[in-house]
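S.K.: Once you've had a glance at the structure underneath, I'll fire off some questions.
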Amino acid sequence: MLTALMLLAVPAIVPLPRSLTVLPGTYALPQHVAVRAASAAERNVAAFTERFLRKRGIAVRIVREGAPAQIRLNGAAKDGALGAEGYHLRVDSSGIEIDANGGPGLFYGLQTLEQLVPASGAPAIRDIDIRDVPAFAWRGIHLDVSRHFFPVSVVERYINVAAHYKLNVFHWHLTDDQGWRIQIQRYPRLTSVGACRSGSEVDHDPALSDGIRYCGYYTQDQIRQVVAYAARRYVTVVPEIEMPGHSAAAIAAYPYLGCTGKQIPVSVSWGGSDAICPTPRAIRFEENVLSEIMQLFPSKYIHTGGDEVLFGQWKRSAFVTALMKRKHLQTYPQVQGYFERRIERFIRSKGRIMVGWDEILNGGVSRSAVVMSWRGTAGGARAARRGNDTVMSPDGPLYLSWGQGDPADEPPASCCVDTPQMVYAFNPIPPGLTPQQAKHIIGVQGNMWTEWVPTASHLFYMLLPRELALAEDAWTPEYEKNWSSFEARTGPQYLWLEAHGYNFRIPNPSFTIDAPQLSFAGVSPSVRTIQAYTRGPDVTVTLTDDVPGAAIHYTLDGSTPSARSLVYGAPLRYALKPNETVDVTAVAVLPDGRVSTPSELLLARR
Ligand code: ACM
10 MLTALMLLAV
20 PAIVPLPRSL
30 TVLPGTYALP
40 QHVAVRAASA
50 AERNVAAFTE
60 RFLRKRGIAV
70 RIVREGAPAQ
80 IRLNGAAKDG
90 ALGAEGYHLR
100 VDSSGIEIDA
110 NGGPGLFYGL
120 QTLEQLVPAS
130 GAPAIRDIDI
140 RDVPAFAWRG
150 IHLDVSRHFF
160 PVSVVERYIN
170 VAAHYKLNVF
180 HWHLTDDQGW
190 RIQIQRYPRL
200 TSVGACRSGS
210 EVDHDPALSD
220 GIRYCGYYTQ
230 DQIRQVVAYA
240 ARRYVTVVPE
250 IEMPGHSAAA
260 IAAYPYLGCT
270 GKQIPVSVSW
280 GGSDAICPTP
290 RAIRFEENVL
300 SEIMQLFPSK
310 YIHTGGDEVL
320 FGQWKRSAFV
330 TALMKRKHLQ
340 TYPQVQGYFE
350 RRIERFIRSK
360 GRIMVGWDEI
370 LNGGVSRSAV
380 VMSWRGTAGG
390 ARAARRGNDT
400 VMSPDGPLYL
410 SWGQGDPADE
420 PPASCCVDTP
430 QMVYAFNPIP
440 PGLTPQQAKH
450 IIGVQGNMWT
460 EWVPTASHLF
470 YMLLPRELAL
480 AEDAWTPEYE
490 KNWSSFEART
500 GPQYLWLEAH
510 GYNFRIPNPS
520 FTIDAPQLSF
530 AGVSPSVRTI
540 QAYTRGPDVT
550 VTLTDDVPGA
560 AIHYTLDGST
570 PSARSLVYGA
580 PLRYALKPNE
590 TVDVTAVAVL
600 PDGRVSTPSE
610 LLLARR
């Protein structure tokens, strides 16, 4: 258990490093710094070091092997314990040294160093020794660009913040019913037809469209640009081309892909639509698309969807009926299995590995496919028992498209409530697996479905700060995780996010209730309200907010506070009469005027 004093002593690093020793002393970076870098990886990380220090007004010179330097990057540490991504960062009177077995570890050491340098004032760093390795190899963040399209500049910013928090996979959901978003040379109609829909769903009503034509796609040059941008930050871009379901945009472009052969529109409502028909011609189409995809994306992993296939048209198809007879397939999930195995065999023949949502298990897929568990964790556990590698990205805790607070206070979201604390509480290893089975859980991923995320500003609002909790799920072993410690280390991260221009959800203030006779405290009746009871009169209520520089304002009549409401300065002390209730509603207000959603405390003496 970490005490409050220990929490203060842990430097504000997210995700929490594996081992860390604060040493006596402080190292002050001079105004002119030499960075030692020789290999390509060292020079790549030196360029990021230079960019970071320049922003702090420090002039940087890159020097070669052997030359004296204040910052020494060594990407050939030959230290087995650090693995492919770990690093050893040491700051002492001799300067700063980062040792790693290659570029990723150096880059992560630099991200940690950035978090150790105070956000403002003199760039002095506490002397420290950190040895750090990640818990999971796949630390992913997903982005759906079909429901809403985001330009390259936004995608790069999305990757940049992920990399700063040591995530290393960007899962790019490029196609769906509502839009095909990547240029494919061989099939130009995928973008000339499939990249536009006639409107977008409004008010969670599939029958309602705003009637505004909506288009967007990435050229292959833009794709290459993003892949290179990510690679410099040691982020692998895993493309997803959805099949056989969620394929209305493809069928709209090439109607022969559907079992009816009829023209259909690119979907307007957010629901699922027709599936690709498992004909030889349609499978050849998918293989040709995947061939271009594999030329664009060097990733070992290629995601082909597989979720939520609607079998309606397969059931009415003479072709599918004959196929089932010929291949002895009893059920439609088995027909999907036939399709998935064909696609997987093709991907494997190119030396890559297929990834699919957990439905790919239903029809039987080979052991070499990676299963992404989204319908909770059961699919992932089943995959791990079966011997398939699996990535945990369950709806609920890791669906960052869900709302982050009381739905009454939040913008429309795809579903439900998923607070940062709920993201943080997720344990990637489900109970009941043997150690050998647990090894198949290769990682963790947060998913961002964008049906209700129309703008970049809203995208980052949904992402942050929950991505930081995700990063700690992925990097830090479960036994080292501690919410209070995480909260304390998260505060300064807001300064980094602000300095880099990222919008984020301002956490609403937290209450600490100090009452000797407190009998109950819980969240009720809504996410925003804490209801508590005390038997005695004495109560002290402390309000805190994680964002440095935030002012807390409050009301005492249940009304929503504004920047003009009472300013919180010191703990609120009460001597309650029998049956008296205090009702404190608080918001955090940032120096730029942005206001958090409210939190409310209803505390009654009973
Ligand atoms: C999914 O959320 N349908 C993977």
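Be aware that the sequence shown starts at 10, since it is given in this note's numbering, and climbs by one per residue. Heads up, the beta-carbon is just placed ideally off N, CA and C, and yes, glycines get one too.
(1) In the DSSP output, which residue or residues are listed as bridge partners for W181?
(2) Within this structure, are the beta carbons of H157 and E481 separated by less than 9 Å?
(3) Take the Cβ of A259 as the centre, count every other Cβ of all protein chains shown within 10 Å, and call the residue buried at 16 or more, exposed below.
(4) Going by beta carbon distance, what residues of the same chain come within less than 6 Å of R242, once the five residues before and after it are set aside?
(5) Using the C-alpha atoms, what's the distance from N512 back to E251?
(6) Count the C-beta pairs between the region 278-285 and the region 226-234 that are closer than 8 Å, then say yes if the count reaches three, no if not.
(7) Between which two residues does the alpha helix (DSSP H) carrying H41 extend?
(8) Among T521, I515, S519 and T590, whose alpha-carbon lies nearest the alpha-carbon of L602?
(9) Cα-Cα, which of T549, S494 and M381 is closest to G149?
(10) Do the CB positions of S608 and T594 come within less than 9 Å of each other?
(11) Within its chain, find whatever has a CB closer than 7 Å to the CB of T12; leave out the 5 residues flanking it on each side and keep chain order.
(12) Using alpha carbons as the reference points, say which of Y563, P420 and P525 lies closest to D212.
(13) Compute the Euclidean distance between the alpha carbons of V170 and H151, then round it to the nearest angstrom.
(14) Considering only the alpha carbon of each residue, which of A465, Q192, Y488 and M457 lies closest to A434?
(15) Are Q446 and R394 closer than 9 Å when you measure CB to CB?
(16) Relative to the ligand ACM, is the shortest distance from any of its heavy atoms to the C-beta of E123 smaller than 8 Å?
(17) Within the present structure, is the beta-carbon of W461 separated from the nearest heavy atom of the ligand ACM by less than 8 Å?
(18) Figure out for me which residue from Y223, S278, N177 and Q430 has the closest Cα to the Cα of P215.
(19) Can you give me the start and stop residues for the beta strand (DSSP E) that A613 sits inside?
(20) Taking 7 Å as the limit between beta carbons, can you name the residues of its chain near A204, skipping five residues before and five after?
(21) Suppose you measure from the CA of R27 to the CA of G405; what does that come to, to the nearest Å?
(22) Is the beta carbon of D136 less than 9 Å from the beta carbon of G34?
(23) Which same chain residues, not among the five before or five after A239, have their C-beta less than 6 Å away from its C-beta?
(24) CB I302 to CB F348, shorter than 9 Å?
(25) What is the rounded straight-line gap between the Cα of M15 and the Cα of N517?
(26) Can you find the residues in the same chain that come closer than 6 Å, C-beta to C-beta, to Y542, ignoring five residues on each side of it along the sequence?
(27) Within 8 Å: the Cβ of N456 and any heavy atom of the ligand ACM?
(28) Thinking C-alpha only, which one of T428, C424, H467 and W383 is nearest P437?
(29) Looking at the structure shown, is M457 part of a helix, part of a strand, or coil, going by DSSP?
(30) Since C205 sits in a beta bridge, which residues does DSSP pair it with?
(31) What does DSSP give as the partner residue(s) for T399 in the beta ladder?
(32) Going by beta-carbon coordinates alone, are T590 and L575 separated by less than 9 Å?
(33) Does any heavy atom of the ligand ACM sit closer than 8 Å to the C-beta of E317?
(34) On the three-state DSSP scale, how would you describe A216?
(35) DSSP puts R81 in a beta bridge; with which residues?
(36) Got a sec? Which residues, its chain only, sit under 7 Å from A465 by beta carbon, not counting five neighbours each side?
M.R.: The relevant details are as follows:
(1) Here residue 181 corresponds to residue number 172 of the sequence shown, with the count starting at 1. DSSP lists L152 and P248 as partners of W181.
(2) As a first step, residue 157 is located in the sequence shown; it is residue number 148 there, counting from the start. As a first step, residue 481 is located in the sequence shown; it is residue number 472 there, counting from the start. No, these two residues do not count as a Cβ contact at 9 Å.
(3) Residue numbering aside, residue 259 sits at position 250 when the sequence shown is read from its first letter. It counts as buried.
(4) Translated into the one-based positions of the sequence shown, residue 242 becomes position 233. Counting only Cβ-Cβ distances below 6 Å, and skipping sequence neighbours, we find A172.
(5) The residue you call residue 251 lines up with position 242 of the sequence shown. The residue you call residue 512 lines up with position 503 of the sequence shown. If you take the alpha carbons of E251 and N512, they lie about 30 Å apart.
(6) no
(7) In the sequence shown, the residue the question calls residue 41 occupies position 32. It is not in any alpha helix (DSSP H) - H41 instead sits in the beta strand (DSSP E) that spans H41 to R45.
(8) By 1-based counting over the sequence shown, the position of residue 602 is 593. Here residue 602 turns out to be Gly, not Leu, going by the sequence shown. If we check each option's Cα against that of G602, I515 comes out closest.
(9) Within the sequence shown, the letter at position 140 stands for residue 149. Answer by Cα proximity: M381.
(10) Translated into the one-based positions of the sequence shown, residue 608 becomes position 599. Translated into the one-based positions of the sequence shown, residue 594 becomes position 585. Result yes, Cβ atoms of S608 and T594 sit closer than 9 Å.
(11) For this step, residue 12 is matched to residue 3 along the sequence shown. With a pLDDT of 43 at T12, under the threshold of 50, the modelled position of this residue cannot be trusted; read the value that follows with caution. Excluding residues within five positions, none has a Cβ falling inside 7 Å.
(12) Taking the first residue of the sequence shown as 1, we reach residue 212 at position 203. Residue P420 is the option with its Cα nearest to D212.
(13) On the sequence shown, residue 170 is found 161 positions in, with the first residue counted as 1. On the sequence shown, residue 151 is found 142 positions in, with the first residue counted as 1. One C-alpha to the other measures close to 13 Å.
(14) Sequence index remark: in the sequence shown, residue 434 carries index 425 (1-based). Nearest option by C-alpha distance: Y488.
(15) Within the sequence shown, the letter at position 437 stands for residue 446. Within the sequence shown, the letter at position 385 stands for residue 394. For Q446 and R394, yes; Cβs fall inside 9 Å.
(16) Numbered from 1 along the sequence shown, position 114 holds the residue referred to as residue 123. It does not: the Cβ of E123 is nowhere closer than 8 Å to a heavy atom of the ligand ACM.
(17) Residue mapping note: residue 461 aligns to position 452 of the sequence shown, counting from 1. Not so, every heavy atom of the ligand ACM lies at least 8 Å from the Cβ.
(18) Indexing the sequence shown from 1 puts residue 215 at position 206. The option with the nearest alpha carbon to P215 is S278.
(19) Start at 1 with the first residue of the sequence shown, and residue 613 comes out as number 604. Its beta strand (DSSP E) spans residues S608 to R614.
(20) Locating residue 204 in the sequence shown gives position 195, where the first residue counts as 1. Within the same chain, A204 has close Cβ partners G188, W189, R190, C224, G225 and Y226.
(21) Counting from 1 along the sequence shown, the entry for residue 27 is found at position 18. Counting from 1 along the sequence shown, the entry for residue 405 is found at position 396. Each residue's Cα considered, the two are about 27 Å apart.
(22) Position 127 of the sequence shown, counted from the first residue, corresponds to residue 136. Position 25 of the sequence shown, counted from the first residue, corresponds to residue 34. Closer than 9 Å, so yes.
(23) The residue labelled residue 239 in the question sits at position 230 within the sequence shown. So the list reads I168, F179 and V246, once near-sequence residues are dropped.
(24) Counting from 1 along the sequence shown, the entry for residue 302 is found at position 293. Counting from 1 along the sequence shown, the entry for residue 348 is found at position 339. Contact: no.
(25) In the sequence shown, residue 15 corresponds to position 6, counting from 1. In the sequence shown, residue 517 corresponds to position 508, counting from 1. The pLDDT assigned to M15 is 47, lower than 50, so where the model puts this residue is not dependable; a value taken from the coordinates is nonetheless given after this. M15 and N517: Cα-Cα distance of roughly 25 Å.
(26) Taking the sequence shown and counting its residues from 1, the one referred to as residue 542 is at position 533. The residues are S528, F529, A613 and R615.
(27) Counting from one through the sequence shown, the residue named residue 456 turns up at place 447. It does: the Cβ of N456 is within 8 Å (strictly closer) of some heavy atom of the ligand ACM.
(28) Locating residue 437 in the sequence shown gives position 428, counting from the first residue. That would be W383, whose Cα lies nearest to the Cα of P437.
(29) By one-based count along the sequence shown, residue 457 stands at place 448. DSSP places M457 in coil when its eight states are reduced to three.
(30) What you label residue 205 is simply residue 196 of the sequence shown in a count that begins at 1. DSSP output for C205 lists C224 as bridge partner(s).
(31) Translated into the one-based positions of the sequence shown, residue 399 becomes position 390. Looking at the DSSP assignment, T399 forms a beta bridge with V380 and I450.
(32) What you label residue 590 is simply residue 581 of the sequence shown in a count that begins at 1. What you label residue 575 is simply residue 566 of the sequence shown in a count that begins at 1. Result no, Cβ atoms of T590 and L575 do not sit closer than 9 Å.
(33) Locating residue 317 in the sequence shown gives position 308, where the first residue counts as 1. Yes, the beta carbon of E317 sits closer than 8 Å to at least one heavy atom of the ligand ACM.
(34) What you label residue 216 is simply residue 207 of the sequence shown in a count that begins at 1. Strand.
(35) As a working note, residue 81 is residue 72 in the sequence shown. According to DSSP, which records beta bridges pairwise, R81 is partnered with R45 and E106.
(36) Numbered from its first residue, the sequence shown carries residue 465 at position 456. The residues are F159 and V163.
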